[in-house]
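Participant: Right, I'll just put the structure down here and ask away after.
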Amino acid sequence: MRYISTRGKSAPINFEKCLINGLAPDGGLYIPEKWPKFSSQTLIEMKHLSYEELAKKIIIPFVGDSFSEFELNNIVYKAYNNFEKKEKCLLKKINEKLFLLELFHGPTLAFKDFAMQIISQMFELTLSKNNNNINIIGATSGDTGSAAVEAFKNKKNVNLFILFPKGRISNIQRRQMTTSSSKNINAIMIDGDFDDCQNIVKSIFQDFSFKERMKISGINSINWARILAQVVYYFYSSFKVSSYNEKTTFCVPSGNFGNIFAGYVAKKLGLSIEHLITATNRNDILNRVVKTGVYKKGKVHKTMSPSMDIQISSNFERLLFELFERNHKITQKLMTDLKRDGKFLIESDMLKKLNKHFKSGVSSEKETKKTLKDTFTKMNELVCPHTAVGLKVSHEYLKDLSFNTKVISLATAHPAKFPEAVFESTGKIPNLPNRIKDIMNKKENYFEMNNSVDDIKKFITERG
Ligand SMILES: *Cc1c(COP(=O)(O)O)cnc(C)c1O
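For my numbering, add 28 to where a residue sits in the sequence shown, where the first one is 1.
Printed below as a string of structure tokens:
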């Protein structure tokens with residue numbers, strides 16, 4: 029499989045290069061040159077596979093020119109070896125129509141582990157085969173950073189630089205990043221919000237001489253390999269709740285649009301999906317664009333679901349490319365509009381097309397609290413605030429009787445990652461799982477820096 033850029037000005041490359049490059053040189057995002065499609069016979073066979081075997085089956089068409097089946101087998105089994113549950117993710121039935129998909133049984137208690145554990149194995153293998161070293165730089169609204177620190181700690185040929193916004197992530201999230209004693213990990217606290225962190229990473233990626241010289245690579249969800257790894261649990265969970273050919277709807281608490289885009293990919297590959305619902309907190313740029321076609325940046329508000337406090341959803345560019353039938357000129361134009369005017373517009377005929385696949389909803393802080401509380405009192409289930417945003421939107425969707433599918437609502441993090449928010453809404457403090465308790469006593473190591481691209485470059489030059 030070769031990968032092309034959404035902006036059409038970079039040469040097609042293979043998977044290995046796509047993994048290492050992250051962002052395309054023309055500023056676009058990589059996407060497969062064409063979508064493979066699983067036959068109905070293959071889909072039937074897939075139904076009974078274990079998580080690992082299913083992952084191999086789904087991933088191999090995308091990576092076949094870079095990894096052998098034997099290598100992919102090792103990658104997948106090593107990646108999921110330290111998940112708490114044999115099934116990797118658990119499905120909980122809430123009622124006849126609604127299911128909760130728990131994606132927080134990995135080492136850092138958020139769904140980010142599903143992709144990060146896979147890509148760290150892929151990086152390790154590729155780099156050792158080519159006798160290469162790299163500096164990975166990433167921005168985080170909390171969970172990407174902790175998942176990356178866990179996945180890349182003590183990896184020999186990688187230095188990790190992870191930028192997080194000061195005061196805008198939970199204590200547990202911060203401690204997960206700052207208590208690693210591994211020498212290749214650099215946690216950097218930026219005086220700014222998540223979009224500032226992401227912008228620093230993007231400008232470093234666009235400084236080609238620096239990128240070349242310092243061998244910079246990325247692990248944000250703009251990296252195709254992360255999306256690819258996330259496709260697997262859409263298949264896995266849909267097979268568990270639906271019979272053959274019965275369509276499922278997924279509701280996805282969204283920020284950077286990476287997770288839900290993986291759902292779109294699953295649909296492209298042949299999974300029967302009715303709708304993909306993007307659920308946002310009051311930072312609702314995704315809800316607004318799905319409802320009105322206007323993608324307009326706003327101010328970032330701090331909420332109780334900090335991993336979704338984002339006003340630029342980078343992966344939306346991949347959807348635009350798909351929506352406009354892979355026309356890179358239109359994609360480029362919309363991204364130029366966004367850069368120049370802070371917004372772009374999707375015309376109504378295209379919006380209709382988008383709405384065939386995508387629905388959306390928003391949950392205010394008040395509604396999120398109420399959902400957290402109701403989920404606890406009615407079902408005795410503590411959920412994280414991101415998951416509550418998704419549940420609120422799922423309930424709303426199910427009220428519309430013209431929709432007739434089962435809904436799988438994604439539980440994106442463990443409630444114990446956000447104890448303050450959970451306590452405030454339910455009066456109950458969620459138990460931190462034993463395996464991560466030790467972070468509360470360890471010494472924190474991090475660097476505090478200004479919101480400045482030059483300062484970060486200097487830092488990487490010194491420590492990379
Ligand atoms: C990252 C994250 C999200 C948002 O996912 P995207 O792929 O950025 O849309 C939602 N919930 C939690 C808990 C997260 O960590």
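Every residue, glycine too, gets a C-beta built ideally from N, C-alpha and C.
1) Hey, would you say Lys84 sits closer than 8 Å to Leu71, going by beta carbons?
2) Taking only heavy atoms of ligand 1 into account, decide whether any of them is closer than 7 Å to the Cβ of His385.
3) Closer than 7 Å to a non-hydrogen atom of ligand 1 - does that hold for the CB of Phe285?
4) Does DSSP classify Met332 as helix, strand or coil?
5) Where does the unbroken alpha helix (DSSP H) through Glu375 begin, and where does it stop?
6) Report the rounded CA-to-CA distance for Glu80 versus Arg463, giving the unit in angstroms.
7) Can you give me the C-alpha to C-alpha distance between Ile374 and Asn248, rounded to a whole angstrom?
8) For Ser68, which of Lys116, Ser271, Glu178 has the nearest alpha-carbon?
9) So within the segment 38-79, which uninterrupted beta strand (DSSP E) runs reach at least 3 residues, ignoring any that extend past its ends?
10) Could you tell me the distance, in whole angstroms, from the CA atom of Ser237 to the CA atom of Arg30?
11) If you draw a straight line from the C-alpha of Met468 to the C-alpha of Ile200, how long is it?
12) Judging by CA-CA distance, which residue of Ser231, Pro443, Ser422, Phe487 is the nearest neighbour of Thr433?
13) Using 8 Å as the threshold, is the segment 184-193 in touch with the segment 157-164, meaning 3 or more CB pairs across them?
14) Alpha carbon to alpha carbon, how far is Lys120 from Lys296?
15) Report the residue ranges of all beta strand (DSSP E) runs contained in full by the segment 290-314; include only those spanning at least 3 residues, in chain order.
16) Where in the segment 431-472 do unbroken runs of the alpha helix (DSSP H), each at least 4 residues long, occur, reported from the N-terminal end onward?
17) Between the segment 446-454 and the segment 407-414, do at least 3 Cβ pairs fall closer than 8 Å?
18) Kindly list the residues whose CB is nearer than 7 Å to the CB of Pro334, restricted to its own chain and excluding five residues on each side of it in sequence; keep chain order.
19) Going by beta carbon distance, what residues of the same chain come within less than 8 Å of Lys327, once the five residues before and after it are set aside?
20) Measure the C-alpha to C-alpha separation of Ala52 and Pro135 and round it to an integer number of angstroms.
21) Reducing DSSP to helix, strand and coil, say where Glu115 ends up.
22) Give the secondary structure of Pro413 by DSSP, where H, G and I count as helix, E and B as strand, and everything else as coil.
23) Taking 7 Å as the cut-off, is the C-beta of Met468 nearer than that to any heavy atom in ligand 1?
24) When the Cα atoms are used, what is the spatial distance from Pro89 to Lys471?
25) Would you please state the rounded distance, in angstroms, between the beta carbons of Leu47 and Phe151? I believe it to be under 8 Å.
26) Could you give the residue range of the beta strand (DSSP E) that holds Phe189?
27) If I measure Cβ to Cβ from Lys106 and keep anything under 7 Å in the same chain, skipping five residues before and after, which residues do I get?
28) Under 7 Å: does the beta carbon of His133 sit that close to some heavy atom of ligand 1?
29) Can you confirm whether the segment 139-147 touches the segment 90-99 when touching is taken to mean that 3 or more C-beta pairs between the two stretches lie within less than 8 Å?
30) Just to confirm, are Phe372 and Leu379 a CB contact at a threshold of 8 Å?
31) Given 7 Å as the limit, tell me if Pro447 has its C-beta closer than that to any heavy atom belonging to ligand 1.
32) Restricting to runs no shorter than 3 residues, where is the beta strand (DSSP E) found entirely within the segment 190-238?
33) Of the residues Asn158, Val259, Val280, which one's Cα is nearest the Cα of Lys387?
34) Thinking C-alpha only, which one of Trp63, Arg491, Leu429, Asn212 is nearest Leu256?
35) In three-state terms, what does DSSP make of Ile88?
36) In three-state DSSP terms, what is Met477?
Facilitator: According to the structure data:
1) Residue numbering aside, residue 84 sits at position 56 when the sequence shown is read from its first letter. Residue numbering aside, residue 71 sits at position 43 when the sequence shown is read from its first letter. Not a contact, by the Cβ cut-off of 8 Å.
2) The count along the sequence shown starts at 1 and reaches residue 385 at position 357. For ligand 1, not one heavy atom lies less than 7 Å from the Cβ of His385.
3) Taking the sequence shown and counting its residues from 1, the one referred to as residue 285 is at position 257. Yes - ligand 1 has a heavy atom lying nearer than 7 Å to the Cβ of Phe285.
4) The residue you call residue 332 lines up with position 304 of the sequence shown. It is coil, neither helix nor strand.
5) Locating residue 375 in the sequence shown gives position 347, counting from the first residue. Looking at the DSSP string, Glu375 is not in any alpha helix (DSSP H), and its letter there is neither H nor E.
6) The residue labelled residue 80 in the question sits at position 52 within the sequence shown. The residue labelled residue 463 in the question sits at position 435 within the sequence shown. Rounded to the nearest angstrom, the two C-alpha atoms are 22 Å apart.
7) For the purposes of this step, residue 374 is taken as the residue at position 346 of the sequence shown. For the purposes of this step, residue 248 is taken as the residue at position 220 of the sequence shown. Each residue's alpha carbon lies about 26 Å from the other.
8) Here residue 68 refers to the residue found at position 40 of the sequence shown. Closest by alpha carbon: Ser271.
9) 58-60
10) Sequence index remark: in the sequence shown, residue 237 carries index 209 (1-based). Sequence index remark: in the sequence shown, residue 30 carries index 2 (1-based). Straight-line Cα distance between these residues: approximately 25 Å.
11) Start at 1 with the first residue of the sequence shown, and residue 468 comes out as number 440. Start at 1 with the first residue of the sequence shown, and residue 200 comes out as number 172. Whole-angstrom Cα-Cα distance: 8 Å.
12) By 1-based counting over the sequence shown, the position of residue 433 is 405. Nearest C-alpha to Thr433: Ser422.
13) yes
14) Position 92 of the sequence shown, counted from the start, is the residue given in the question as residue 120. Position 268 of the sequence shown, counted from the start, is the residue given in the question as residue 296. Approximately 26 Å, taken between the alpha carbons.
15) 301-308
16) 447-454
17) yes
18) Taking the sequence shown and counting its residues from 1, one reaches residue 334 at position 306. Hits under 7 Å: Ser169, Gly170, Arg196, Ile197, Ser198.
19) In the sequence shown, residue 327 corresponds to position 299, counting from 1. The answer, listed in chain order, is Gln339.
20) As a working mapping, residue 52 is identified with position 24 in the sequence shown. As a working mapping, residue 135 is identified with position 107 in the sequence shown. Their backbone Cα atoms lie some 30 Å apart in a straight line.
21) Against the sequence shown, residue 115 aligns to sequence position 87. DSSP places Glu115 in coil when its eight states are reduced to three.
22) Taking the first residue of the sequence shown as 1, we reach residue 413 at position 385. Of the three classes helix, strand and coil, the one that applies to Pro413 here is helix, per DSSP.
23) Counted from its first residue, the sequence shown places residue 468 at position 440. For ligand 1, not one heavy atom lies less than 7 Å from the Cβ of Met468.
24) Translated into positions along the sequence shown, residue 89 becomes position 61. Translated into positions along the sequence shown, residue 471 becomes position 443. Rounded to the nearest angstrom, the two C-alpha atoms are 44 Å apart.
25) Taking the sequence shown and counting its residues from 1, one reaches residue 47 at position 19. Taking the sequence shown and counting its residues from 1, one reaches residue 151 at position 123. Yes, Leu47 and Phe151 are in contact; Cβ-Cβ is about 7 Å, under 8 Å.
26) Here residue 189 refers to the residue found at position 161 of the sequence shown. Counting along the chain, the beta strand (DSSP E) containing Phe189 begins and ends at 186-193.
27) For this step, residue 106 is matched to residue 78 along the sequence shown. Hits under 7 Å: Gln149.
28) Working through the sequence shown from its first residue, we reach residue 133 at position 105. The answer is no for His133.
29) no
30) The residue you call residue 372 lines up with position 344 of the sequence shown. The residue you call residue 379 lines up with position 351 of the sequence shown. Cβ atoms of Phe372 and Leu379: not closer than 8 Å.
31) Working through the sequence shown from its first residue, we reach residue 447 at position 419. No, the beta carbon of Pro447 sits no closer than 7 Å to any heavy atom of ligand 1.
32) 213-218
33) Here residue 387 refers to the residue found at position 359 of the sequence shown. Checking every option, the nearest Cα to that of Lys387 belongs to Val280.
34) One-based indexing of the sequence shown puts residue 256 at position 228. Taking only the C-alpha atoms, the option nearest Leu256 is Trp63.
35) Locating residue 88 in the sequence shown gives position 60, counting from the first residue. Three-state result, Ile88: helix.
36) For the purposes of this step, residue 477 is taken as the residue at position 449 of the sequence shown. The answer is strand: DSSP assigns Met477 an E or B state.
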